[in-house]
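Position 195 of the sequence shown, counted from 1, bears residue number 195 in my numbering, the numbering being contiguous throughout.
One structure is given here, and the rest of the page talks about it.
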Amino acid sequence: MLDHNYDGIRELDNALPPWWKYGFYFTIVVAFIYLLNFHVMGLGKNPTEEYNAEMESARIQKERFEASNKDKIDENKVPMADAAGIKAGQAMFEANCAACHLKDGGGNVGPNLTDDYWLHKGSLNDIFHTIKAGYPDKGMQSWSGKFSPKEISYLASFVKSLHGTKPAAPKPQQGEFWVENLAGDSAALAKPKPDSGVVAKPDSVGIKK
Numbered sequence: 001m002l003d004h005n006y007d008g009i010r011e012l013d014n015a016l017p018p019w020w021k022y023g024f025y026f027t028i029v030v031a032f033i034y035l036l037n038f039h040v041m042g043l044g045k046n047p048t049e050e051y052n053a054e055m056e057s058a059r060i061q062k063e064r065f066e067a068s069n070k071d072k073i074d075e076n077k078v079p080m081a082d083a084a085g086i087k088a089g090q091a092m093f094e095a096n097c098a099a100c101h102l103k104d105g106g107g108n109v110g111p112n113l114t115d116d117y118w119l120h121k122g123s124l125n126d127i128f129h130t131i132k133a134g135y136p137d138k139g140m141q142s143w144s145g146k147f148s149p150k151e152i153s154y155l156a157s158f159v160k161s162l163h164g165t166k167p168a169a170p171k172p173q174q175g176e177f178w179v180e181n182l183a184g185d186s187a188a189l190a191k192p193k194p195d196s197g198v199v200a201k202p203d204s205v206g207i208k209k
């Protein structure tokens, strides 16, 4: 016993518990193995190397996923198809959509697709969504069960290409006047409907943001 006494509190020299000593010895062994593994033999990976390895593994998995999903389309950034894609979309349109919209898009049971008035907005993203999801309550079925996302993008691109064309017997306007905000303006003015002579209210204008 050491002769330590502080305000009546005596320091004893009792032996440490065996579990504590063995735990301490174990940490020494682990530290020695760690030293050999990482700093002497160089077998282990440091945190930076582990991070780089995980990032490389994630990159490979991403490439495999993208390769297996070539037909996937980002619905927030639907690309306009090239000439071949639009032609493919035209063939699908004439085979599946002409009954309601006519081959020239002038409209029959469905709305006119060539004017500035849209029931569900007229950006390429909006058209893609309309074809994919449909609006069954308004007679527009979903085509996601028949066409792949890539094919729907071709079909949407063809519909988009119909804007401004001159169909033989265009159906009167349906929906709201819609203008695509390509210049980055925060607002756009509505055009008057020829058959009413009334200018639509600005809050009825569809703006692509």
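Note that CB positions come from ideal geometry on N, CA and C, so glycine has one too.
- In this structure, DSSP gives E94 a helical state, which the three-state scheme calls helix.
- By the Cβ neighbour-count rule, T27 is exposed, with fewer than 16 other Cβ atoms within 10 Å of its own.
- When T48, L124, P136 and N112 are compared, the shortest CA-CA separation from K77 is found for L124.
- Positions of the beta strand (DSSP E) runs, each at least 3 residues long and wholly inside the segment 4–51, cannot be given because no such run exists.
- DSSP places V179 inside the beta strand (DSSP E), whose first and last residues are E176 to V179.
- In the three-state reduction of the DSSP assignment, M140 falls in the strand class.
- Exclusion of the five residues before and after C100 leaves N108, V109 and G110 as the residues of its chain whose Cβ lies within less than 7 Å of its Cβ.
- Distances from the CA of A168 to each of A88, G23 and N112 were compared; the closest alpha carbon is that of N112.
- According to the DSSP secondary-structure assignment, Y135 is paired through a beta bridge with M140.
- Under the DSSP assignment, V159 falls in the alpha helix (DSSP H) whose first and last residues are P149 to S161.
- For the 8 Å CB-CB criterion, F177 and Y135 do not form a contact.
- Inclusion of G175 and L119 in the CB contact set at 8 Å is warranted, their separation being smaller than that value.
- If you ignore the 5 residues before and after I131, its C-beta comes within less than 7 Å of the C-beta of W143, I152, L155 and A156, all in its own chain and listed in chain order.
- Around the C-beta of G44, fewer than 16 other C-beta atoms lie within 10 Å, and the residue is accordingly described as exposed.
- The C-alpha of G145 lies about 19 Å from the C-alpha of F158.
- A residue is called buried once 16 or more other Cβ atoms fall within 10 Å of its Cβ, and A81 is buried on that count.
- For the pair G139 and K160, the Cα-to-Cα distance works out to about 20 Å.
- Here A88 has Y154 as same chain residues with Cβ atoms under 6 Å from its own Cβ, once five neighbours each way along the sequence are excluded.
- Inclusion of P149 and I73 in the CB contact set at 8 Å is warranted, their separation being smaller than that value.
- Per the C-alpha coordinates, the member of I33, T48 and P47 positioned closest to M41 is I33.
- Between E75 and F128, the C-beta spacing is below 8 Å.
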